[in-house]
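Protein chains in written order, with the numbering used here: chain A, 11 to 150; chain B, 11 to 150. Input: a single structure, listed below in structure tokens.
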DNA sequence: AATGTATTGCGAACGGTTTGCAAGAGGGCG
DNA sequence: CGCCCTCTTGCAAACCGTTCGCAATACATT
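Have a look at this one:
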């Protein structure tokens with residue numbers, strides 16, 4: 011996880027905004043919205059501008075270091091992780107967790123076999139209620 | 011699929027914008043963006059305003075008649091369909107197709123069993139290339 | 001240290017979505 | 001059938017997250 015090397019390799023400079031955004035993302039265990047990232051970055055260095063945060067996120071995504079998820083209304087960011095991760099989104103508390111499921115690879119095979127389609131990335135988003143949460147107050 | 015009854019039942023009125031938006035959505039086989047919907051609605055009745063389209067989409071979603079997907083950058087809309095549908099999004103031509111996969115239900119069971127989580131809706135989004143498309147010109 | 005260039009901060013622009021409000025139209029009732 | 005009440009609409013302005021242009025800054029190389 012040497013941000014510097016990855017940047018160098020592609021002739022990008024290691025700058026303060028880039029380092030701080032990357033730190034924030036890699037230290038977080040949950041998905042963060044652009045606003046949350048900007049806020050935390052700003053907390054660590056008030057001199058870093060929002061537009062740099064956006065530019066950095068775009069760059070890191072380009073480098074496949076972070077991944078943008080559009081699971082909920084506002085998109086969120088997280089360090090890139092291996093494929094085949096399932097996102098569990100709690101309808102009640104809003105938390106997003108990861109979960110490994112062996113079946114995802116089976117799914118990939120099934121799709122490749124039956125759909126005339128060559129799958130690359132598979133995203134599974136599961137809405138529901140996590141164990142810590144009571145049933146949603148406003149069931150839809 | 012009697013839009014009128016469903017609206018009545020909840021004390022909403024059947025108005026022209028609502029009827030036209032619903033028609034456009036239910037006649038389309040693919041996902042439509044808000045802009046596409048607005049455009050087609052406007053084609054059928056130039057008097058219908060964009061804001062009514064948005065308001066109608068929100069209402070229909072509330073009534074579970076349509077579903078908003080956030081698969082790509084801009085979100086798209088489609089008539090609500092049964093759970094467990096897989097969305098195949100071609101990285102090349104951008105088309106979104108549906109695909110049934112029996113394994114989704116197995117996945118649900120696996121999650122319920124192993125994740126301390128009660129799944130309700132499962133969304134599977136598969137990026138890849140569809141058979142009609144050549145390999146993407148700009149592989150990422 | 002000096003230099004050349006990528007990158008930043010800033011503020012303004014953007015574009016899709018939402019909102020406030022007066023005018024308009026469903027539809028229940030007489 | 002027409003009235004009336006109220007829900008909806010059209011319109012235009014407001015919003016808000018994101019992007020952009022540009023001069024100033026700060027990386028990295030020498």
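Backbone N, C-alpha and C fix where the C-beta goes; we use that ideal spot for every residue, glycine too. Note that this is a predicted model, so its numbers are computed, not measured.
Once the 5 residues before and after residue 54(A) are set aside, which same chain residues still bring their CB inside 7 Å of it?
30
Query raised in the report: Any idea what DSSP makes of residue 88(A), helix, strand or coil?
Result: strand
Exercise for the section: Could you name the residues of the same chain whose beta carbon sits closer than 8 Å to that of residue 129(B), not counting the 5 residues immediately before and after it, in chain order? Expected result: Shown here for residue 129(B): same chain residues with a beta carbon closer than 8 Å to its own, the five before and five after excluded, namely 118, 121, 122 in chain order.
Could you give the distance in angstroms between the alpha-carbon of residue 45(A) and the alpha-carbon of residue 34(A)?
12 Å
- prompt: To the nearest angstrom, how far is it from the Cα of residue 139(B) to the Cα of residue 57(A)?
  reply: 43 Å
Limits of the unbroken alpha helix (DSSP H) element including residue 41(B)
Looking at the DSSP string, residue 41(B) is not in any alpha helix (DSSP H), and its letter there is neither H nor E.
query = What did DSSP end up calling residue 20(B) once you bin it into helix, strand or coil?
reply = coil
Distance check for residue 78(B) and residue 12(B), CA to CA, integer angstroms please. 20 Å
* Is residue 33(A) helix, strand or coil by DSSP? -> helix
**Message:** Please tell me whether residue 173(A) has its Cβ less than 7 Å away from any Cβ of chain B.
**Reply:** Coverage of chain A is limited to positions 11 through 150, which leaves residue 173(A) absent and any answer about it impossible.
So what's residue 129(A) in DSSP terms, helix, strand or just coil?
Strand, per DSSP.
ask   = Leaving out the 5 sequence neighbours to the left and right, which residues in its chain are closer than 6 Å to residue 95(B) when beta-carbon positions are compared?
value = 108
Is residue 45(A) close to chain B? Criterion is C-beta to C-beta, closer than 7 Å. no
Worksheet item: Of all the options 113(A), 27(A), 102(A), which has the alpha carbon lying nearest to the alpha carbon of residue 137(A)?
Response: 102(A)
Contacts that residue 101(B) makes with chain A (C-beta to C-beta distance below 8 Å): What residue 101(B) touches in chain A: 130.
Inset, instruction - Go ahead and pull the three-state DSSP assignment for residue 70(A). - result: DSSP places residue 70(A) within a helical segment (H, G or I) once states are collapsed to three.
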